[in-house]
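Chains as they are written, first to last, in our numbering: chain D, 1 to 142; chain G, 143 to 284; chain W, 285 to 426; chain B, 427 to 568.
Everything below concerns the one structure shown next.
There are 4 protein chains.
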Amino acid sequence: MTPRVHVFPVRVYFEDTDAGGIVYHSVYLNYAERARTEMVRGLGISQRALLERGGGTAFAVRGATMDFLRPARLDDLLRVETGIVAVGGASVELDQSIRREDDGVELVRIGVRLGYITLSGKPARIPAAIRDLFGNWIRERR
Amino acid sequence: MTPRVHVFPVRVYFEDTDAGGIVYHSVYLNYAERARTEMVRGLGISQRALLERGGGTAFAVRGATMDFLRPARLDDLLRVETGIVAVGGASVELDQSIRREDDGVELVRIGVRLGYITLSGKPARIPAAIRDLFGNWIRERR
Amino acid sequence: MTPRVHVFPVRVYFEDTDAGGIVYHSVYLNYAERARTEMVRGLGISQRALLERGGGTAFAVRGATMDFLRPARLDDLLRVETGIVAVGGASVELDQSIRREDDGVELVRIGVRLGYITLSGKPARIPAAIRDLFGNWIRERR
Amino acid sequence: MTPRVHVFPVRVYFEDTDAGGIVYHSVYLNYAERARTEMVRGLGISQRALLERGGGTAFAVRGATMDFLRPARLDDLLRVETGIVAVGGASVELDQSIRREDDGVELVRIGVRLGYITLSGKPARIPAAIRDLFGNWIRERR
């Protein structure tokens with residue numbers, strides 16, 4: 001049976017930190033997007049192919065909520081845990097949690113609402129094959 | 143009387159865009175932070191002085207909610223409108239709205255909860271002088 | 285007569301700094317590109333129009349040299365000085381200097397070689413009108 | 427015998443690309459710095475420990491040359507090859523080459539000159555143990 005949480009490792013580099021000595025807050029959204037990309041790639045879906053195919057479609061972030069619980073620091077090894085909460089005709093809702101790898105402490109909690117759109121920005125139906133793949137990952141909302 | 147909304151202009155450059163042809167979603171958090179920095183600077187508060195003063199304190203983002211309504215594109219001139227919703231002993235809550243300058247259309251709505259912390263990450267009381275300055279800006283929650 | 289050096293102001297924000305307390309080195313390339321964009325915009329050239337017009341063309345960075353003389357820090361107000369060194373059929377060479385605004389001290393010196401390309405990456409001839417505009421700005425090489 | 431070239435894999439994500447559909451040029455400097463960090467970590471040196479130890483020291487980029495040969499695109503898997511060219515008392519010179527993993531084509535060539543400095547920006551002697559480790563990696567200049 002498919003696991004319900006996708007796990008993706010991220011290392012903190014200088015580029016990610018700020019003069020306060022910690023990871024700059026918007027960078028966690030980048031980490032989260034890397035993790036979603038690898039999750040989608042793991043399902044056999046190429047975002048670049050979606051983008052370059054006739055007309056072009058993409059998952060776009062429609063909404064996000066972020067709770068910054070503790071800071072990550074230079075050299076930290078993190079893991080991003082991603083679960084799917086709900087899949088609709090043109091949208092997907094995910095829960096993501098960024099933790100320190102060594103002790104599992106949760107640093108940032110992110111909720112993301114993705115819309116599926118054409119490159120001109122219009123909502124598009126998520127292909128059934130992709131929706132089914134996501135459906136296998138749905139877990140309970142926290 | 144003090145205006146209730148701080149306005150800050152931002153231009154979209156190549157560095158801000160992604161292969162979808164629009165501004166990458168996490169970049170709006172950077173725009174929002176630039177606007178808050180200028181708002182605070184306008185009140186006569188230097189974040190660098192807070193950071194470098196004995197021990198060091200800073201405003202840290204504790205939580206954020208983001209609604210992405212429409213995309214910004216390369217070369218767009220935007221304006222970030224910032225209002226303060228509430229000021230507590232160790233936290234500030236703000237509403238920020240990013241609009242296209244030419245037609246005023248709202249692109250992104252951001253709610254931000256800031257905590258005041260020491261560099262070691264412990265909550266600190268916002269100095270009364272700063273709290274009073276913020277208090278003058280409080281507006282109704284949307 | 286046209287001035288020979290284009291001047292563009294940049295403010296350093298938290299997003300630009302790293303855990304060493306200074307501006308992260310690659311960020312200066314972003315500052316330099318913002319300045320070139322505004323210089324080009326000042327000549328009446330829209331990069332977005334070039335990009336979206338049939339086929340699409342853009343200036344792409346082909347090469348760069350960077351000398352980091354002194355660090356910029358949080359809250360610093362900088363200015364980017366840009367001069368054109370040479371204009372060819374499909375390339376432009378520029379000198380850029382990033383200085384602190386208050387005392388004029390040079391922090392970073394950047395040499396940039398731009399190529400004019402189609403979106404598929406092939407070299408393209410710079411339109412004569414644009415080449416002439418750039419030609420007016422040519423100055424002695426340092 | 428120690429290998430002469432350090433190899434580090436990098437995946438291209440949306441955050442790295444721009445509206446031209448390719449990786450934004452300054453991002454390659456970030457990739458290069460990640461690779462140097464892992465090379466140094468592989469030698470048993472923690473940059474965070476150097477930074478946090480009494481006074482604090484760090485390797486800072488003093489100069490760089492970049493040749494952009496071909497663009498990387500969304501989803502590309504790249505590898506950064508790093509070799510050390512020379513080690514001095516307070517500086518290190520490296521050659522870095524960014525290639526596509528699947529066909530080995532070179533995309534970007536970077537030369538970097540690092541200085542070893544205190545957090546106040548003064549040059550510092552590289553500890554002999556670190557210098558020796560780097561010395562084992564020296565290779566011929568291209």
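Where is the CB? At the ideal position from N, CA and C, for every residue including glycine.
Neighbourhood of D/Ala174 by C-beta distance below 6 angstroms, restricted to the same chain and skipping five residues each side: Residue coverage of chain D in this structure runs from 1 to 142, which leaves residue 174 of chain D outside it and unanswerable.
Looking at chain B, is there any beta carbon in it that lies within less than 9 angstroms of the beta carbon of G/Tyr173? Within the second sequence, the letter at position 31 stands for residue 173 of chain G. Chain B contact via Cβ: absent.
Residues near B/Gly370 in its chain [Cβ-Cβ closer than 7 angstroms; skip 5 each side]: Nothing about residue 370 of chain B can be read from this structure; chain B reaches only from 427 to 568.
Simplified DSSP assignment, three categories, for W/Glu385:
Taking the third sequence and counting its residues from 1, the one referred to as residue 385 of chain W is at position 101. If DSSP states are grouped into helix, strand and coil, W/Glu385 belongs with coil.
Could you tell me which chain B residues have their CB closer than 9 angstroms to the CB of G/Phe210, listed as they occur along the chain? Sequence index remark: in the second sequence, residue 210 of chain G carries index 68 (1-based). The premise fails here: G/Phe210 is roughly 14 angstroms from chain B at the closest Cβ pair, so nothing lies under 9 angstroms.
_In this structure, how does DSSP classify W/Arg332 when only helix, strand and coil are distinguished?_
Looking up residue 332 of chain W in the third sequence gives position 48. The answer is helix: DSSP assigns W/Arg332 an H, G or I state.
For D/Arg11 and D/Leu77, believed in contact at Cβ under 8 angstroms, the rounded distance
Mapped onto the first sequence, residue 77 of chain D falls at position 77. Mapped onto the first sequence, residue 11 of chain D falls at position 11. Yes, they are in contact, since the Cβ atoms of D/Leu77 and D/Arg11 sit about 6 angstroms apart, within 8 angstroms.
Mind the definition here: the stretch 334-341 of chain W touches the stretch 469-479 of chain B only if three or more C-beta pairs lie below 8 angstroms; say whether that holds.
Touching, no, given that fewer than three Cβ pairs across the two stretches are closer than 8 angstroms.
Three-state secondary structure assigned by DSSP to G/Met143: Locating residue 143 of chain G in the second sequence gives position 1, counting from the first residue. With a pLDDT of only 46 at G/Met143, under 50, the local geometry of the prediction cannot be trusted, and the value read off the model is given with reservation. The answer is coil: DSSP assigns G/Met143 none of H, G, I, E or B.
Which residues, in order along the stretch 225-256 of chain G, keep a beta-carbon less than 7 angstroms from a beta-carbon of chain B?
none
query: Which of helix, strand or coil does DSSP assign to D/Leu78?
result: Here the question's residue 78 of chain D lines up with position 78 in the first sequence. The DSSP-derived three-state label of D/Leu78 is strand.
Problem - Reduced DSSP secondary structure (H/G/I, E/B, other) of W/Leu378 - result: Here residue 378 of chain W corresponds to residue number 94 of the third sequence, with the count starting at 1. Strand.
Practice problem: Using alpha carbons as the reference points, say which of G/Arg251, G/Leu216, G/Gly225, G/Asp245 lies closest to G/Asp178. | Solution: In the second sequence, counting from the first residue as 1, residue 178 of chain G sits at position 36. It is Arg, not Asp, that sits at residue 178 of chain G in the sequence shown. Nearest of G/Arg251, G/Leu216, G/Gly225, G/Asp245 to G/Arg178, Cα basis: G/Gly225.
Determine whether the beta carbon atoms of W/Val392 and W/Tyr312 lie at a separation below 9 angstroms.
By 1-based counting over the third sequence, the position of residue 392 of chain W is 108. By 1-based counting over the third sequence, the position of residue 312 of chain W is 28. Yes. Within cutoff.
Distance CB(G/Pro151)-CB(G/Arg221) smaller than 9 angstroms = Against the second sequence, residue 151 of chain G aligns to sequence position 9. Against the second sequence, residue 221 of chain G aligns to sequence position 79. Between G/Pro151 and G/Arg221, the C-beta spacing is below 9 angstroms.
- Just curious, the alpha helix (DSSP H) that B/Tyr454 is in, first and last residue? Counting from one through the fourth sequence, the residue named residue 454 of chain B turns up at place 28. Judged by DSSP secondary structure, B/Tyr454 falls within the alpha helix (DSSP H) whose first and last residues are 453-468.
Query raised in the report: Between which two residues does the alpha helix (DSSP H) containing B/Asp444 stretch?
Result: Sequence index remark: in the fourth sequence, residue 444 of chain B carries index 18 (1-based). Note, B/Asp444: premise wrong, no alpha helix (DSSP H); not H, not E.
I'd like to know whether the C-beta of B/Glu464 is nearer than 9 angstroms to at least one C-beta of chain D. Along the fourth sequence, read from residue 1 onward, the residue named residue 464 of chain B stands at position 38. By this cut-off, B/Glu464 is an interface position.
*Please work out which residues of its chain come closer than 7 angstroms, Cβ to Cβ, to W/Asp302, disregarding the five sequence neighbours upstream and downstream, and give them in chain order.*
Against the third sequence, residue 302 of chain W aligns to sequence position 18. Around W/Asp302, the same chain offers Tyr308 as residues with beta carbons nearer than 7 angstroms, after the five sequence neighbours per side are excluded.
Is there a Cβ from chain W that is less than 9 angstroms from the Cβ of G/Leu193?
Position 51 of the second sequence, counted from the start, is the residue given in the question as residue 193 of chain G. It does; some Cβ of chain W falls within 9 angstroms.
* Asked: For D/Arg131, which of helix, strand or coil comes out of DSSP?
  -> The residue given as residue 131 of chain D occupies position 131 in the first sequence. In the structure shown, D/Arg131 sits in a helix (DSSP, three-state: H, G or I).
Is any beta-carbon of chain D found at less than 9 angstroms from that of B/Ala550? For this step, residue 550 of chain B is matched to residue 124 along the fourth sequence. Among the residues facing chain D, B/Ala550 is not included, as its CB has no counterpart in that chain under 9 angstroms away.
Using a Cβ-Cβ distance under 9 angstroms, would W/Glu299 count as near chain G? The count along the third sequence starts at 1 and reaches residue 299 of chain W at position 15. Output row for W/Glu299: interface = yes.
Does the Cβ of G/Asp244 have 16 or more other Cβ atoms within 10 Å, making it buried, or fewer, making it exposed?
For the purposes of this step, residue 244 of chain G is taken as residue 102 along the second sequence, with counting starting at 1. Its Cβ having fewer than 16 others within 10 Å, G/Asp244 is exposed.
Using a Cβ-Cβ distance under 9 angstroms, would G/Gly162 count as near chain B? Position 20 of the second sequence, counted from the start, is the residue given in the question as residue 162 of chain G. Yes, because at least one Cβ of chain B sits closer than 9 angstroms to the Cβ of G/Gly162.
Mark W/Gly405 as exposed unless 16 or more other C-beta atoms lie within 10 angstroms of its C-beta, in which case mark it buried.
Counting from 1 along the third sequence, the entry for residue 405 of chain W is found at position 121. Exposed: under 16 other Cβ atoms inside 10 Å.
Check your understanding: Along chain W, in chain order, which residues have C-beta atoms closer than 7 angstroms to that of G/Arg176?
Key -> For this step, residue 176 of chain G is matched to residue 34 along the second sequence. Near G/Arg176 (Cβ distances below 7 angstroms), the residues of chain W are Tyr297.
Under 8 angstroms Cβ-Cβ, which residues of chain D neighbour G/Leu261?
-> As a working mapping, residue 261 of chain G is identified with position 119 in the second sequence. Correct list: Gly20, Gly21.
**Prompt:** Mapping DSSP to helix, strand and coil, what is W/Tyr308?
**Reply:** Here residue 308 of chain W refers to the residue found at position 24 of the third sequence. Correct three-state label for W/Tyr308: coil.
task = Kindly identify the DSSP beta-bridge partner or partners of D/Gly83.
result = Locating residue 83 of chain D in the first sequence gives position 83, counting from the first residue. According to DSSP, which records beta bridges pairwise, D/Gly83 is partnered with D/Asp95.
Legend entry - For B/Ala550, three-class secondary structure by DSSP: As a position in the fourth sequence, residue 550 of chain B is number 124, starting the count at 1. Secondary structure of B/Ala550 (DSSP, three-state): coil.
Check your understanding: Does any C-beta atom of chain D lie closer than 9 angstroms to the C-beta of B/Leu469?
Key -> As a working mapping, residue 469 of chain B is identified with position 43 in the fourth sequence. Judged by the 9 angstroms Cβ criterion, B/Leu469 is not in contact with chain D.
Less than 7 angstroms between C-beta atoms, sequence neighbours within five positions excluded: which residues of the same chain meet that for G/Ile164? Residue numbering aside, residue 164 of chain G sits at position 22 when the second sequence is read from its first letter. Closer than 7 angstroms at Cβ, skipping near neighbours: Pro213, Ala214, Arg215.
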